[in-house]
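K.L.:
Protein chains: 2
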Amino acid sequence: MEFSCDIHGVPEGTIVFPHEPLIRVQGPLYQCQLIETMLLNTINFETLIATKAARICQAAQGEPVLEFGLRRAQGIDGSLSASRAAYIGGCAATSNVLAGKLFDIPVKGTHAHSWIMCFESELVAFEEYAQSMPNNCVFLVDTYDTLEGVKKAIEVGKHMRHCGHEMGGIRLDSGDLAYLSIEARKLLDAAGFPKAVIVASNDLDEHLIESLKAQGATISVWGVGTKLSTAYDQPALGGVYKLSAIREGKHDPWNYKVKLSEQMEKISTPGILQVRRVYINNQAHADIIYSEECPPDDVFDLVDIFDSTRRKHIEYDDIDDSIDLLLPIFEKGKCTFGSQCARYVRDQVAVGLTKFHSGIKRFANPHEYPVGLEKGLHEKKQKLIMELRGH
Amino acid sequence: MEFSCDIHGVPEGTIVFPHEPLIRVQGPLYQCQLIETMLLNTINFETLIATKAARICQAAQGEPVLEFGLRRAQGIDGSLSASRAAYIGGCAATSNVLAGKLFDIPVKGTHAHSWIMCFESELVAFEEYAQSMPNNCVFLVDTYDTLEGVKKAIEVGKHMRHCGHEMGGIRLDSGDLAYLSIEARKLLDAAGFPKAVIVASNDLDEHLIESLKAQGATISVWGVGTKLSTAYDQPALGGVYKLSAIREGKHDPWNYKVKLSEQMEKISTPGILQVRRVYINNQAHADIIYSEECPPDDVFDLVDIFDSTRRKHIEYDDIDDSIDLLLPIFEKGKCTFGSQCARYVRDQVAVGLTKFHSGIKRFANPHEYPVGLEKGLHEKKQKLIMELRGH
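These protein sequence lines are chains A and B, in that order. For this note's numbering, add 273 to where a residue sits in the first sequence, where the first one is 1. For this note's numbering, add 273 to where a residue sits in the second sequence, where the first one is 1.
1) Candidates A:F579, A:A469, A:L501 and A:H558: which alpha carbon is nearest A:Q536's?
2) For B:G382, which residues in the same chain have their Cβ closer than 7 Å to its Cβ, ignoring the five residues on either side in sequence?
3) Less than 9 Å between the beta carbons of B:L339 and B:W495, yes or no?
4) What does the alpha-carbon distance come out to for the pair B:K628 and B:E588?
5) Are any of the Cβ atoms in chain B nearer than 9 Å to that of A:R297?
6) Give the C-beta separation of A:E647 and A:Y563 to the nearest angstrom, bearing in mind that I take them to be a contact with Cβ-Cβ under 8 Å.
7) CB A:I540 to CB B:M390, shorter than 9 Å?
8) Which residue or residues does DSSP assign as beta-bridge partners of A:C608?
9) For A:V411 and A:H586, I'd like the C-alpha separation in whole angstroms.
10) Does DSSP put A:D506 in a helix, a strand or coil?
11) Is A:I288 helix, strand or coil when you go by DSSP?
12) Give me the residue from B:H386, B:V380 and B:I658 with the minimum Cα distance to B:T542.
13) Measure the alpha-carbon distance for B:L650 versus A:K424 and round it to whole angstroms.
14) Against chain A, with Cβ distances strictly below 9 Å, would B:E456 count as a contact?
15) Nearest by alpha-carbon distance to B:G489: which of B:K459, B:G498 and B:L501 is it?
16) B:S447 to B:T503, Cα distance in whole Å?
17) Relative to the C-alpha of B:I296, which candidate in B:V513, B:K500, B:R584 and B:G437 has its C-alpha closest?
18) For B:E395, count neighbouring C-beta atoms within 10 Å of its own C-beta (all shown protein chains included) and say buried if the count is 16 or more, exposed if not.
19) Nearest CA to the CA of B:F392: which residue from A:N409, A:V370, A:D506 and A:V531?
20) Quick one: Cα of A:G544 to Cα of A:K523, how far?
21) Look at the alpha carbon of B:M440 and the alpha carbon of A:S595, and state the distance between them as a whole number of angstroms.
22) DSSP three-state call for A:I658: helix, strand or coil?
23) Quick one: give me the first and last residue of the alpha helix (DSSP H) that A:S352 is part of.
24) Determine, for A:M440, whether the minimum Cβ-Cβ distance to residues of chain B falls below 9 Å.
25) So, using beta-carbon positions, are B:D506 and B:K500 closer together than 9 Å?
26) Could you name each continuous beta strand (DSSP E) segment of 3 residues or more that falls completely within the segment 383–437 of chain B, going from the start of the chain to the end?
27) According to DSSP, simplified to helix, strand and coil, what is A:V644?
28) Could you tell me whether the Cβ of A:Q536 comes closer than 9 Å to any Cβ of chain B?
29) Look up A:Y552 in the DSSP assignment and give the residues it is bridged to.
30) By the 10 Å Cβ neighbour count, where 16 or more other Cβ atoms means buried, how is B:N317 classified, buried or exposed?
31) Is the shortest distance between the beta-carbon of A:G625 and the beta-carbons of chain B less than 9 Å?
32) So, with DSSP's three-state summary, where would you put A:L533?
33) Would you call the CB atoms of A:I329 and A:V572 closer than 9 Å?
34) Just mark B:G286 as buried or exposed, buried being the case when its beta carbon has 16 or more other beta carbons within 10 Å.
35) For A:I361 versus A:V624, is the C-beta distance shorter than 9 Å?
36) With burial defined as no fewer than 16 other Cβ atoms inside 10 Å of the residue's Cβ, what is the status of A:R583: buried or exposed?
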């Protein structure tokens, strides 16, 4: 007996679209069942964090976002997954040293408040830090009084310059980040440190970053931890693993299967599912979910999953390009895809995101990207549902 | 050089209280710094999930809560921590088989929707399941039509009884759980299955359970996954690790340390911190944070952390009992506490929770449990802050 299952999800973000197959698993019944939970655990969490990271990086408008989430993640492998997914979603670096080592992700961070508190004064603490890290020196200035801290950082920065080194910048971790960054920038510029960066952290997310930018904050590097590594405002991606077709033997025909529900969004889609993304004018135009037994050819007719009266007709001649999103990864028990480094996947995500219109990616009331069933598949699904409901 | 640090947090729940030390670490500087992130990662997450579980179990009013969160956790060790913490917080069992094995937690679950969809009909699927699991048979009835599913479960349940077995019950996983459970209960009772349990799941949390109970739902076992294992509505406990005292050598006096902030809740507490819980009339009355160098004796004067004009005076003679909450776990690099099984810790939590007035544990506008600094420590903290601020 052979199964075809898919994982599909409904996240808030901008990478995965409503009820779109994320992965397809085909194989003997027991094998497909055994890997269900592992796949859901991995795909749900990493997709969620990569999506959240992409949103945060979008708000940062190209300025580096550093992932600082280790202390709020779930255990070591939770944190490793989070760091890797955050990097893939667009973060520039992580404070998770092990993730940096394992996945070749740049590692960045500053000293802790306790570094300052170990010395008799903030000034001495900065001097000692500058001696230890002369070429990678970002001072955390808010242990006692932020703007006084900036002045001490400048004092040490001047001494460093005298010795042939350059202070990297300062980090703000509390208080009114808009006001403090503007004042700190003035102090740094006036003292001859226009290139010193201002790193900020403190429960940041895409909405706070957007707001700080709107207020004219002069922050140029964003440290984001808790809200990123837990995807704080939507901490789970509701991906599920559903049987979509079954057959007795490899040469038998597939029986399409559907799970009903009184909640429309919980009704599954039958078939040997694949997703085709079509591009018009070099922009992603729509995603079409179809069954591989009956691929769309020269005309694309989409039916909205939740409202079957919403339809979209796409002429083949209008399309610049189209790609099938699901690619074979394991075949006959062997990985055929080739391992890809996090950096490469990150670059692919970045290119992929540029293909979406900004209206789809905005945070407030985004335009809904069209995702629908290929018309023939929609009709098969309707027929199956009606049969099961005895109509 | 020796450090004393504490982790303290501000969660939403009812187990940990505002800014209370959760753990104290004392030792050489480098050692204390090396374990910081591991401790924060572990303590933050497990405390959060145990708290969430306690809230959910409270809503279930003694009915069993099953933890079903594996597919939404962060990786394998995230899920193991979540399952263990959920059990400690009061859950009756987990669907995480590995957690069950490692921590001796009861394992419970039902079959998947795909079990039903593999067979030619729901009835045949139930019959096959009953044959496989004659003594532990809970039927998931919502694959096609929930109440029709209940009728088929009853049909198979009658056949099981004829063969000397008893159906365990049914599980609802979608739709209007209040209505469906009431209707299912009627069908089960009328058919002679008054003892068959009704398990329900579907994005449940303490608020939904409370609401379902208020609506008269006849659910007696609660399956809770996503919202528990991610602590959905507050997915991170903001515990931090702060240096609170330092000394040169073991025989030198401690220098108390405080981290300032423009955000009052981010100012740390200095000292060799300990927390004493006092009981009056067999109920937890207040928690007093003090420095071990100067323990409270026969009078307890508490000062609120956030509002120093709010004070509480407790006469020694009024107190039934008092305990110090922080106990030594590692001493000189060796674990001296003894490993405790999850079951034992769970029992201790359950007893501990009964000591709190229900007003403190309610979900809407709970009474704020008094947590404060011992007056002498408050004064030392104020003096340090004033000095650092140059007043």
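C-beta atoms are modelled at their ideal positions from N, C-alpha and C, and glycine is treated no differently. In this text, all values refer to a predicted model and were calculated from it rather than measured experimentally.
P.N.:
Straight from the coordinates:
1) A:F579
2) S368
3) yes
4) 20 Å
5) no
6) 4 Å
7) no
8) A:F603
9) 55 Å
10) coil
11) At A:I288, the pLDDT of 48 sits below 50, so the modelled position is not reliable; the number obtained from the coordinates is stated separately. In this structure, A:I288 counts as coil in the three-state DSSP scheme.
12) B:I658
13) 31 Å
14) no
15) B:K459
16) 20 Å
17) B:V513
18) buried
19) A:V531
20) 15 Å
21) 52 Å
22) helix
23) G348 to I361
24) no
25) yes
26) 411–413
27) strand
28) yes
29) A:A557 and A:D594
30) buried
31) no
32) coil
33) no
34) Because B:G286 sits at a pLDDT of 42, beneath the cut-off of 50, its placement in the model cannot be relied upon, and the point is left open.
35) no
36) exposed
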